[in-house]
Amino acid sequence: MKILVTGFEPFGQDTENASGAVVERLRGFEWDPGLEVVTSILPVTWSGSAPALLRAIETHRPNAVLALGEAGGRAAVTPERRARNVGHGRIPDNDGAPRPAAPLDQGPEFLNTRIDPALLVAAIRSVSVPAEVSDDAGAFLCNAVYRALLHETNLPGTFIHVPAVRTQGSATVGRETDPNAASSSTNLTIDQLTNAVAACVKAVAELLRPAV
Numbered sequence: 235m236k237i238l239v240t241g242f243e244p245f246g247q248d249t250e251n252a253s254g255a256v257v258e259r260l261r262g263f264e265w266d267p268g269l270e271v272v273t274s275i276l277p278v279t280w281s282g283s284a285p286a287l288l289r290a291i292e293t294h295r296p297n298a299v300l301a302l303g304e305a306g307g308r309a310a311v312t313p314e315r316r317a318r319n320v321g322h323g324r325i326p327d328n329d330g331a332p333r334p335a336a337p338l339d340q341g342p343e344f345l346n347t348r349i350d351p352a353l354l355v356a357a358i359r360s361v362s363v364p365a366e367v368s369d370d371a372g373a374f375l376c377n378a379v380y381r382a383l384l385h386e387t388n389l390p391g392t393f394i395h396v397p398a399v400r401t402q403g404s405a406t407v408g409r410e411t412d413p414n415a416a417s418s419s420t421n422l423t424i425d426q427l428t429n430a431v432a433a434c435v436k437a438v439a440e441l442l443r444p445a446v
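So, in structure tokens, the structure goes:
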């Protein structure tokens, strides 16, 4: 069983991205025999993020994909129920490129996750981290990557937003998922977020493991 977990590089002037930090820490985990976890850090660019995801899938040939991103307006870990068919860069990406709101593909308005978000919420809460299902992945690059995963592949896959935790200082970006949300503070740490995602990985592996 091989599961790919992706996160994003730092965005804007920030030197950290919580999703990328989680991915880095997952690389040091000891996994159960028969479970291999591979990782990739995606660029925060309209031209590069979705292609980088698809290249990672082609390279690693995983059985499932958990894509991560950060949502600075949220205080809980939020598995996303669906990806919408719109991309919008209200502010420039790491290449300095904005994006007017426009469809991402020729598909329907929404594509639904292929991994039950309630299962992931239960796994996250089992390690004492707050979690809830989200119905809105936004319109920025997190949603674009999620949409590519669901539209361009048939793999079991989903997207999980984590709060914009920093090991030093506070996030100055990461609010693009919920640009109109009120500010949310969290006492969560990167270690807790890593444990939450690791619990999701194990839950997905168990879900997909063939019955004996």
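For what it's worth, my numbering labels the leading residue of the sequence shown as 235, then goes sequentially.
The C-beta atom is built at its ideal place from N, Cα and C for all residues, glycine as well.
These numbers come from a predicted model, not from an experiment.
Using beta-carbon positions only, say whether residue i and residue j come within less than 8 angstroms of one another.
i, j, result
"Leu345", "Gly321", "no"
"Gly391", "Arg348", "yes"
"Ala331", "Thr279", "yes"
"Val435", "Leu300", "yes"
"Val363", "Ile394", "no"
"Asn319", "Gly341", "yes"
"Met235", "Glu270", "yes"
"Ala437", "Ala371", "no"
Exposed or buried, what is residue i when buried is set at 16 or more other beta-carbons lying within 10 Å of its beta-carbon?
i, result
"Arg427", "Reading off the sequence shown, one finds Leu at residue 427, where the question assumed Arg. When all chains shown are included, Leu427 counts as buried."
"Glu440", "exposed"
"Thr293", "exposed"
"Pro351", "buried"
"Ser281", "exposed"
"Gly268", "exposed"
"Gly403", "exposed"
"Asp329", "exposed"
"Leu442", "exposed"
"Gly254", "buried"
Which residues in the same chain have their Cβ closer than 7 angstroms to the Cβ of residue i, if we skip the five residues on either side of it in sequence?
i, result
"Ala405", "Asp248, Gly306 and Ala398"
"Ala382", "Ala284, Leu287 and Leu288"
"Thr401", "Glu250 and Ile424"
"Glu366", "Ala310, Thr312 and Val355"
"Trp265", "Val271"
"Glu386", "Leu288"
"Ala252", "Glu304, Val396, Pro397, Ala398, Val399, Ile424 and Leu427"
According to DSSP, what are the bridge partners of residue i?
i, result
"Leu302", "Ile394"
"Phe242", "Leu276"
"Gly321", "Ala336"
"Asn346", "Arg316"
"Lys236", "Glu270"
Under 8 angstroms by Cβ, that's how I've got residue i and residue j pegged, so tell me the actual separation to the nearest angstrom.
i, j, result
"Leu354", "Pro313", "4 angstroms"
"Leu238", "Pro277", "Between Pro277 and Leu238 the Cβ distance is about 16 angstroms, and since that is not below 8 angstroms, they are no contact."
"Ile275", "Phe242", "7 angstroms"
"Ala433", "Ser368", "Not really, about 17 angstroms apart at Cβ, beyond 8 angstroms."
"Leu260", "Thr273", "6 angstroms"
Among residues of its own chain, excluding the 5 on either side of residue i, which ones have a beta-carbon nearer than 6 angstroms to its beta-carbon?
i, result
"Pro444", "none"
"Asn429", "Val361"
"Thr420", "Ala309 and Pro397"
Flag residue i as yes if its beta-carbon sits less than 8 angstroms from any beta-carbon of chain C, otherwise no.
i, result
"Thr387", "The structure shown contains no chain C; it is built from a single protein chain."
When every heavy atom of the ligand MG is checked, does at least one fall within less than 7 angstroms of the C-beta of residue i?
i, result
"Leu427", "Ligands are entirely absent from the displayed structure, and the ligand MG is therefore not among its contents."
I'd like the list of long-range same chain contacts for residue i, defined as Cβ closer than 8 angstroms, with 5 residues on each side in sequence excluded.
i, result
"Leu389", "Ile291, Pro296, Asn297, Ala298, Val299, Arg348 and Leu383"
"Ala335", "Val320, Gly321, His322 and Ala373"
"Ala378", "Trp280, Ser283, Ala284, Gly321 and Leu338"
"Val446", "With a pLDDT of 45 at Val446, under the threshold of 50, the modelled position of this residue cannot be trusted; read the value that follows with caution. Correct list: empty, nothing qualifies."
"Arg315", "Asn346, Thr347, Pro351, Val367, Ser368 and Asp369"
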